[in-house]
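Novice:
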Amino acid sequence: TRLTAADLAAHRCITAGLAALTPGVPVLSEESSDVDIALRRQWRRFWLVDPLDGTREFIKRNGEFTVNIALVEDGVAVFGVIQQPVTDGLWHGTLGQGAYRREGDHDIAIRTRMPATAPLTVAASRSHRDGRTQALLDALPGADVIGCGSALKFCKLAEGTIDLYPRFHPTSEWDTAAGQAIVEAAGGVVQ
Numbered sequence: 031t032r033l034t035a036a037d038l039a040a041h042r043c044i045t046a047g048l049a050a051l052t053p054g055v056p057v058l059s060e061e062s063s064d065v066d067i068a069l070r071r072q073w074r075r076f077w078l079v080d081p082l083d084g085t086r087e088f089i090k091r092n093g094e095f096t097v098n099i100a101l102v103e104d105g106v107a108v109f110g111v112i113q114q115p116v117t118d119g120l121w122h123g124t125l126g127q128g129a130y131r132r133e134g135d136h137d138i139a140i141r142t143r144m145p146a147t148a149p150l151t152v153a154a155s156r157s158h159r160d161g162r163t164q165a166l167l168d169a170l171p172g173a174d175v176i177g178c179g180s181a182l183k184f185c186k187l188a189e190g191t192i193d194l195y196p197r198f199h200p201t202s203e204w205d206t207a208a209g210q211a212i213v214e215a216a217g218g219v220v221q
């Protein structure tokens with residue numbers, strides 16, 4: 031992935047804000063991922079941040095990039111927030127307490143939906159579609175495939191506008207933790 035000045039500026043702003051909000055809770059950002067793994071394994075609770083998810087989308091200026099922040103406790107993402115700066119879209123969820131989409135000054139409860147029998151609505155990455163993903167899409171007759179960048183696919187799952195988001199190639203924890211917390215708080219499953 032490419033690193034931009036925006037990645038670094040967002041990293042500095044978010045990590046400073048979280049440190050002020052929750053002193054003593056470590057912050058791991060994609061831009062600080064060089065923190066020793068042995069030290070990280072000692073953390074029972076920490077913030078996990080992707081200050082600019084979808085750098086390719088950011089560079090293309092298509093608006094489909096997000097800021098992802100998750101609170102991880104004992105290896106589980108228990109809270110997540112995803113913001114889409116271009117649209118001011120914001121989704122958040124806490125395990126056991128539900129998931130929400132912010133509309134103006136109000137939080138609207140969101141839930142995943144039971145998949146339709148056919149056709150399914152499937153989100154596929156704009157920038158990371160591989161052969162296995164395409165093979166699955168080809169095997170779903172009549173599936174409505176929506177191209178989408180960054181963690182927005184998790185938000186669409188959580189609010190029930192898509193049924194499935196397949197991804198077979200590796201991801202990093204900061205790419206998925208906030209989305210997983212939101213989807214699971216909305217009643218979905220991330221495997």
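Read in order, the letters of the sequence shown correspond to residues 31 to 221 in the numbering used here. By construction, the Cβ of each residue, glycine as well, lies at the ideal position given by its N, Cα and C atoms. On a predicted model such as this, the values are computed, not experimentally measured, just so you know.
1) Are Y93 and V116 touching if we call contact CB-CB under 8 Å?
2) Looking only at DSSP bridge pairs, what is R75 linked to?
3) Write down the C-beta distance between A173 and I212 rounded to the nearest angstrom, noting that I regard them as a contact closer than 8 Å.
4) Can you tell me the Cα-Cα spacing of Q54 and R70, whole angstroms?
5) If you drop the 5 nearest sequence neighbours on each side, which residues of the same chain put their C-beta closer than 6 Å to that of V175?
6) Can you give the Cα-Cα distance for A139 and V102, rounded to whole angstroms?
7) Which stretch, first to last residue, makes up the alpha helix (DSSP H) that contains E189?
8) With DSSP collapsed to three states, give me the class of T201.
9) Enumerate, from N- to C-terminal direction, the unbroken alpha helix (DSSP H) stretches of 4 or more residues contained entirely within the segment 92-179.
10) Grab the span of the beta strand (DSSP E) containing L194 for me, first residue to last.
11) Would you report the Cα separation of T177 and A50, rounded to the nearest angstrom?
12) By Cβ distance, which residues of its chain are closer than 7 Å to V65, with the 5 residues on each side in sequence left out?
13) What's the call for D37, buried or exposed, on a 16-neighbour Cβ count within 10 Å?
14) Excluding five sequence neighbours on each side, which residues of the same chain lie with their C-beta closer than 7 Å to the C-beta of R132?
15) Check each candidate in A46, L182, Q164 and name the one with the smallest Cα separation from H199.
16) In chain order, what residues of the same chain have a beta carbon less than 6 Å from the beta carbon of K183, not counting five sequence neighbours either side?
17) Any idea if T45 is buried or exposed, counting beta-carbon neighbours within 10 angstroms, 16 or more meaning buried?
18) Alpha carbon to alpha carbon, how far is R91 from G179?
19) Could you pull the start and end residues of the alpha helix (DSSP H) that T52 belongs to?
20) To the nearest angstrom, how far is the alpha carbon of S202 from that of W77?
Specialist: The structure says:
1) What sits at residue 93 in the sequence shown is Gly, not Tyr. Going by C-beta atoms, G93 is nearer than 8 Å to V116.
2) Per the DSSP secondary-structure output, R75 pairs in a beta bridge with E103.
3) About 23 Å separates the beta carbon of A173 from that of I212, a gap too long to meet the 8 Å contact definition.
4) At residue 54 the sequence reads Gly, which differs from the Gln that was named. Spanning the two alpha carbons is a distance of roughly 14 Å.
5) Sequence-distant Cβ neighbours of V175 in its own chain, meaning closer than 6 Å and more than five residues away, are V152, A154, L167.
6) Take the alpha-carbon of A139 and the one of V102: they are about 22 Å apart.
7) Neither: E189 is in no alpha helix (DSSP H) and is coded neither H nor E.
8) Here T201 sits in coil by DSSP.
9) Fully enclosed alpha helix (DSSP H) runs of no fewer than 4 residues occupy 161-169 of the segment 92-179, in order along the chain.
10) It is not in any beta strand (DSSP E) - L194 carries neither H nor E in the DSSP assignment.
11) Looking at the sequence shown, residue 177 is not Thr but Gly. Taking the straight line joining both Cα atoms gives about 37 Å.
12) Cβ neighbours of V65 beyond the five flanking positions: L58.
13) D37 is buried by the Cβ-count criterion.
14) Contacts found: L120.
15) Answer by Cα proximity: Q164.
16) Excluding residues within five positions, the ones whose Cβ falls inside 6 Å are A153, Y195.
17) Within a 10 Å sphere around the beta-carbon of T45 sit 16 or more other beta-carbons, which makes this residue buried.
18) When rounded, the distance between both Cα atoms is 11 Å.
19) Counted as a single uninterrupted DSSP element, the stretch harbouring T52 is not any alpha helix (DSSP H), since DSSP gives it neither H nor E.
20) Distance from the CA of S202 to the CA of W77, rounded to the nearest whole angstrom, comes to 14 Å.
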